[in-house]
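Okay, so the sequence shown: first residue is 1 according to UniProt numbering, each after it adds one. We put the beta carbon where it would ideally sit given N, CA and C, even for glycine.
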Amino acid sequence: MKQEHTQNQKPQIYPKNLIPLYWRRKLKIALYNLRHRRSEQIWVHPSGLGFRLQIADESITIASINRWSKYRIGIAAEMYELAKRYGIDSLASLLRDRVVIDVGANIGELSLYCRQLGAKVIAIEPDPINHSALCENIDGTGIQSFQTALWHQNEILTFYSSVLRADSSLIPPDQYSDAFEIKAVTLDQFALSRGLERVFLLKADTEGAEPEMLRGAKNVLTRTCFVSIDCGPERQGAKTFDTCEQLLQELGFCTSALDAKRNILLGTNPNELKTQHIDFKAIPFPAQWPPP
Numbered sequence: 001m002k003q004e005h006t007q008n009q010k011p012q013i014y015p016k017n018l019i020p021l022y023w024r025r026k027l028k029i030a031l032y033n034l035r036h037r038r039s040e041q042i043w044v045h046p047s048g049l050g051f052r053l054q055i056a057d058e059s060i061t062i063a064s065i066n067r068w069s070k071y072r073i074g075i076a077a078e079m080y081e082l083a084k085r086y087g088i089d090s091l092a093s094l095l096r097d098r099v100v101i102d103v104g105a106n107i108g109e110l111s112l113y114c115r116q117l118g119a120k121v122i123a124i125e126p127d128p129i130n131h132s133a134l135c136e137n138i139d140g141t142g143i144q145s146f147q148t149a150l151w152h153q154n155e156i157l158t159f160y161s162s163v164l165r166a167d168s169s170l171i172p173p174d175q176y177s178d179a180f181e182i183k184a185v186t187l188d189q190f191a192l193s194r195g196l197e198r199v200f201l202l203k204a205d206t207e208g209a210e211p212e213m214l215r216g217a218k219n220v221l222t223r224t225c226f227v228s229i230d231c232g233p234e235r236q237g238a239k240t241f242d243t244c245e246q247l248l249q250e251l252g253f254c255t256s257a258l259d260a261k262r263n264i265l266l267g268t269n270p271n272e273l274k275t276q277h278i279d280f281k282a283i284p285f286p287a288q289w290p291p292p
C-alpha cells in the first residue's frame, strides 16, 4: 500500500495573522486569569521547543500554546479524562507491572497516567516537537520514549508536522507547518529489536495511519491483551474504524466501539488473556471493554 501523498507536495502554510499566535493566546490566558482565583490561574512560558504550563502546584510541558485551555480543569484531571476517553480508566487496577505501549504518545499524558499506576510504559511519538515535550514530561519517571514512526513496512516516508492542530501524521492533514523524511518501521520490527514479548495494553492514535500501523503489528497483537485505538476522522476526513475493526477481528480480537460516534475502537484478545493468566472470573471484567 502506498502512502497517500506525492513526494513533491509542498506544506500548506497556516493562515497568517497580524498578531502572532503566542501573544493572542497569552492575552486570552491573562483575561482568563483575571476572572479566576489564584488557585485556578494558568501560567505559560517558553520551554525548549514547547511551553511550560502551570496551574496551582501542577505543571506540564505542552507542544503548542494553542492547547492551554485543555488544562483549566487541572493537569491530573485532564490526564484522567484522556484515560476515560480510551477506556483505560477501567483497566487501572490491572496495570501494575504490566507493559503498556503508547503509540502516538504526543506529550505523554496517557503514558504518565499509566506509569503512575505502576505500568511499564513505552511511549512512541514521531513528531520532534511533541517528542521534545514528551521527554521533558517523563524525565525521571522510568518511561521509555522513542521518536519513531510506525507503518506496515520499513521504509522512508514523508512525515507531516501539525503541532498547532495536534494532527501530525504520515497521512497529510489539511494544514501542516513542516514536512520532512522519516524512517518508518513496523511495530513488529520495533518490538523484536527491543525484546518485547507480552503486551498488556496497546493504545494508538496515529492521526489516520491506524490501519497501516496495525498491518505492521500482527505478531505484537497476538501477544497483546487489550487494544484501544483512536479511529476518528483524521484520514483526510475519513474514519478508520471499520478497517481497523476488521484487522483486529481477523487476529481473533473481540471488538466494540467505546463511543456512539465510533471514534474509539476497543479490542480484547481472549487467547492472550489466558496466556497472561488474567482470570475475569476472579475479578470484574473492565467496564465498556468487549468481553472475551
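Quick check on residue 40: does DSSP put it in helix, strand or coil? Correct three-state label for residue 40: helix.
Ends of the beta strand (DSSP E) at residue 52? That run of the beta strand (DSSP E) goes 50-55.
What's the call for residue 174, buried or exposed, on a 16-neighbour Cβ count within 10 Å? The residue is exposed, with fewer than 16 neighbouring Cβ atoms inside 10 Å.
Where the alpha helix (DSSP H) containing residue 192 begins and where it ends: 187-193 is the extent of the alpha helix (DSSP H) around residue 192.
Please confirm if the region 254-266 is in contact with the region 229-241, defined as three or more CB-CB distances below 8 Å between the two stretches. With the rule of 3 Cβ pairs closer than 8 Å, the region 254-266 counts as touching the region 229-241.
Classify residue 1: buried if its beta carbon has 16 or more other beta carbons within 10 angstroms, exposed otherwise. Any reading at residue 1 is ruled out, since the residue's pLDDT is 42, under 50, leaving its predicted position unreliable.
Could you tell me which whole beta strand (DSSP E) segments of length 3 or greater appear in the region 122-182? If we require 3 residues or more, the beta strand (DSSP E) runs fully inside the region 122-182 come out as 144-146 and 155-161.
Member of 102, 214 and 279 whose CA lies at the smallest distance from the CA of residue 253: Cα-wise, what sits closest to residue 253 is 214.
Could you give the first and the last residue of the continuous beta strand (DSSP E) run that contains residue 200? Membership of residue 200 in the beta strand (DSSP E) is indicated by the continuous run 199-204.
For the alpha helix (DSSP H) holding residue 234, just list the boundary residues, first then last. That residue, residue 234, is in no alpha helix (DSSP H); it is neither H nor E in DSSP.
What number of angstroms, rounded off, separates the C-alpha of residue 150 from the C-alpha of residue 96? Their Cα atoms are separated by approximately 26 Å.
Since residue 76 is in the alpha helix (DSSP H), which residue starts that stretch and which ends it? For residue 76, the uninterrupted alpha helix (DSSP H) run begins and ends at 75-85, by DSSP.
Where residue 46 sits in the DSSP three-state scheme: Three-state DSSP puts residue 46 in a strand.
Helix or strand or just coil, what does DSSP make of residue 92? Helix, per DSSP.
Taking the beta carbon of residue 154 as the centre, do at least 16 other beta carbons fall within 10 Å, making it buried, or is it exposed? So residue 154 ends up on the exposed side.
Does the structure place the region 185-195 close enough to the region 218-233 that three or more beta carbon pairs sit under 8 Å? The region 218-233 makes contact with the region 185-195, as at least three CB pairs between them are under 8 Å.
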